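Everything on this sheet refers to the single structure shown next.
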Amino acid sequence: MLKKGILLFTLLILLVSVLAGGVLAEDKEVYEMKFGVSNPPKEYHHSWTPYIVFKNEVELRSNGRLQVKIFPGGQLGSIESMVNQVRMGAIEATEPSDGHLASIYPNIQVFSIPYLFSNRMVAWEVLGGPFGQKMIEDMAQKTGLRALFWSENGGFRHYSNDKRLVKTPADMKGLKIRTMNIPLHMKIVEDLGASPTPISWNELYTALQTGVVDGQENSVATFLVPKLEEVQKYIILDGHVYGVNSIVLNEEWYQGLPDDLKEIIHQSAQIALSVNHGLTVAREVKGIEYLKEKGVQIYRPTLEEKVLFKEKTQQSAIDWLNNNLDPDWVKGILEATEKAEKELGLN
1 MLKKGILLFT LLILLVSVLA GGVLAEDKEV YEMKFGVSNP PKEYHHSWTP YIVFKNEVEL
61 RSNGRLQVKI FPGGQLGSIE SMVNQVRMGA IEATEPSDGH LASIYPNIQV FSIPYLFSNR
121 MVAWEVLGGP FGQKMIEDMA QKTGLRALFW SENGGFRHYS NDKRLVKTPA DMKGLKIRTM
181 NIPLHMKIVE DLGASPTPIS WNELYTALQT GVVDGQENSV ATFLVPKLEE VQKYIILDGH
241 VYGVNSIVLN EEWYQGLPDD LKEIIHQSAQ IALSVNHGLT VAREVKGIEY LKEKGVQIYR
301 PTLEEKVLFK EKTQQSAIDW LNNNLDPDWV KGILEATEKA EKELGLN
């Protein structure tokens, strides 16, 4: 009887050792995330520093089980190409803006309803809440791309040009404005009486310098990247659209990760998002000061003037979206925005 007990105990120890060995083997498996980034390394930049933070957090929290290899400066191709590479599984991650996703996931255009968010806090509440998460899941299901968050692509977008100071919609008439290839962005420009011209980011400076277009629309932080102050004289801080970008992953690769690594990715993403928010706010403040020093005339419209811009564009944009997208997405973001404003005491 004693021998039988010893035998059973020995078998139990062996079984536990085998199982433990399997767990340890699984824990030691190393995964790799190839992450294509369009921007070159730039210290304290909203579209670079958060990615370094993300990488460091993931590797530290996973004890090196998940290695994030960043390829900066468009080494792996244009952002459009890298989005396709992620969808095909050639790389695991990249960092598109909403404009780069609109052609494959049109619903993201609801983020571009003009003058939708009265301030950043409202935008953060909507995009970081149930509505934003619902869109993440829907996009993952329909495109194979999983966004980790909806971060700021430099913040609110503003119009600039080299012809005249814009204060009201009437001042926009006749201007040729570069836009991203987002149908709704182009419609907003048309509704203001200007002519929209989609031009790639890499060609923007030359297009402004040679007069192919008179102006463009971007956040202050993004405006500074290619030194557009050299070819633009006037900016109106109208904040017509809140610029959005993200880190997106290949959904199939993501779903194949152990659950603990998925959680580490999400924890690290939230830290990176906080860094993005802080940097965009700080860079906007410092950027406006810098542009004024460089002689760029910056106009901050009154509330009454912003209402004029909103009246010219918002309902028209909502009607367009209802005709071209699932109206439930339009209704959803309007309701989420109203709820956020109430919770923040803004209405």
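Taking full-length UniProt numbering, the leading residue of the sequence shown gets 1, the next gets one more, and so forth.
Note that CB positions come from ideal geometry on N, CA and C, so glycine has one too.
None of these values were measured; they are calculated from a predicted model.
**CB of S160 within 8 Å of CB of L273, strictly** = Counted from its first residue, the sequence shown places residue 160 at position 160. Counted from its first residue, the sequence shown places residue 273 at position 273. Not in contact: S160 and L273 (Cβ atoms no closer than 8 Å).
**Request:** Compute the Euclidean distance between the alpha carbons of G215 and Q232, then round it to the nearest angstrom.
**Result:** Taking the sequence shown and counting its residues from 1, one reaches residue 215 at position 215. Taking the sequence shown and counting its residues from 1, one reaches residue 232 at position 232. Going by the C-alpha atoms only, they are around 7 Å apart.
**Item:** Secondary structure of L344, DSSP reduced to three states
**Value:** Within the sequence shown, the letter at position 344 stands for residue 344. The DSSP-derived three-state label of L344 is coil.
**Item:** Neighbourhood of M180 by C-beta, 6 Å cutoff - its chain only, sequence neighbours within 5 removed
**Value:** Indexing the sequence shown from 1 puts residue 180 at position 180. The residues are G99.
**Prompt:** Can you list, in chain order, the stretches of the beta strand (DSSP E) that have 3 or more residues and sit fully within the stretch 244 to 330?
**Reply:** 248 to 250, 297 to 299
**Prompt:** Hey, quick one: how far does the beta strand (DSSP E) through T179 stretch, first residue to last?
**Reply:** Walking along the sequence shown from the start, residue 179 turns up at place 179. Counting along the chain, the beta strand (DSSP E) containing T179 begins and ends at 176 to 179.
**Message:** Which runs of the beta strand (DSSP E) at least 3 residues long sit entirely within the stretch 107 to 192? Give them in chain order.
**Reply:** Listed in chain order, the complete beta strand (DSSP E) runs (minimum 3 residues) inside the stretch 107 to 192 are 145 to 147, 151 to 161, 176 to 179.
**Asked** Assuming F71 contacts Y51 under a Cβ cut-off of 8 Å, what Cβ separation, rounded to an integer in Å, is found between them?
**Response** Your numbering for residue 71 matches position 71 in the sequence shown. Your numbering for residue 51 matches position 51 in the sequence shown. Their Cβ separation, rounded to whole angstroms, is 11 Å, which puts F71 and Y51 out of contact at 8 Å.
**Message:** Does T94 come out as helix, strand or coil in the three-state DSSP assignment?
**Reply:** Along the sequence shown, read from residue 1 onward, the residue named residue 94 stands at position 94. Strand, per DSSP.
**Prompt:** Would a C-beta distance cut-off of 8 Å place T143 and Y105 closer than the cut-off?
**Reply:** As a working mapping, residue 143 is identified with position 143 in the sequence shown. As a working mapping, residue 105 is identified with position 105 in the sequence shown. Going by C-beta atoms, T143 is nearer than 8 Å to Y105.
**Prompt:** Who are the Cβ neighbours of K310 in its own chain at under 6 Å, not counting the five residues just before and after it?
**Reply:** Position 310 of the sequence shown, counted from the first residue, corresponds to residue 310. Cβ neighbours of K310 beyond the five flanking positions: Y115.
**Message:** Mapping the DSSP letters down to three states, classify L76 as helix, strand or coil.
**Reply:** Counting from one through the sequence shown, the residue named residue 76 turns up at place 76. Here L76 sits in coil by DSSP.
**Item:** Own chain, CB closer than 7 Å to H46, minus 5 neighbours either side, in chain order
**Value:** Working through the sequence shown from its first residue, we reach residue 46 at position 46. Correct list, in chain order: E152, G154, A221, N276, L279, T280, R283.
**In DSSP terms, what Q67 is bridged to** = Reading the sequence shown from its first residue, position 67 is the one you call residue 67. Beta-bridge pairing links Q67 to E32.
**Message:** Quick check: the Cα distance between E211 and V30, rounded to an integer number of angstroms?
**Reply:** Along the sequence shown, read from residue 1 onward, the residue named residue 211 stands at position 211. Along the sequence shown, read from residue 1 onward, the residue named residue 30 stands at position 30. Reading off the sequence shown, one finds Gly at residue 211, where the question assumed Glu. Between G211 and V30, the C-alpha separation is close to 52 Å.
**Request:** Determine the DSSP secondary structure at G99, reduced to helix, strand or coil.
**Result:** Counting from one through the sequence shown, the residue named residue 99 turns up at place 99. The answer is helix: DSSP assigns G99 an H, G or I state.
**Prompt:** Taking the C-alpha atoms as reference points, what is the distance between E252 and D162?
**Reply:** Sequence index remark: in the sequence shown, residue 252 carries index 252 (1-based). Sequence index remark: in the sequence shown, residue 162 carries index 162 (1-based). Approximately 47 Å between the Cα atoms of the pair.
**Message:** Taking its Cβ as the centre, do 16 or more other Cβ atoms sit within 10 Å of H240, making it buried, or is it exposed?
**Reply:** To locate residue 240, count along the sequence shown from 1; it is residue 240. H240 should be labelled buried.
**Asked** Mapping DSSP to helix, strand and coil, what is L24?
**Response** Locating residue 24 in the sequence shown gives position 24, counting from the first residue. Bear in mind that a pLDDT of 41 at L24, under 50, signals an unreliable position, so the number given afterwards is only what the model happens to contain. DSSP places L24 in helix when its eight states are reduced to three.
**Asked** Secondary structure at N39, three-state DSSP: helix, strand or coil?
**Response** The sequence position of residue 39 within the sequence shown is 39, counting from 1. DSSP, read as helix, strand or coil, puts N39 in coil.
**Prompt:** Helix or strand or just coil, what does DSSP make of A197?
**Reply:** Counted from its first residue, the sequence shown places residue 197 at position 197. Correcting the residue identity first, residue 197 is Thr in this sequence and not Ala. In this structure, T197 counts as strand in the three-state DSSP scheme.
**Request:** Report the partner residues of V241 according to the DSSP bridge assignment.
**Result:** Here the question's residue 241 lines up with position 241 in the sequence shown. DSSP, once it has assigned bridges, lists R157 as partnering V241.
**C-beta neighbour in chain C for P41, strict 8 Å** = Absence of chain C from the displayed structure is noted, only one protein chain being present.
**As assigned by DSSP and simplified to three states, the class of I235** = Locating residue 235 in the sequence shown gives position 235, counting from the first residue. In the structure shown, I235 sits in a strand (DSSP, three-state: E or B).
**Request:** Confirm, please, whether the CB-CB distance from L291 to E343 is below 8 Å.
**Result:** For the purposes of this step, residue 343 is taken as the residue at position 343 of the sequence shown. For the purposes of this step, residue 291 is taken as the residue at position 291 of the sequence shown. Contact: no.
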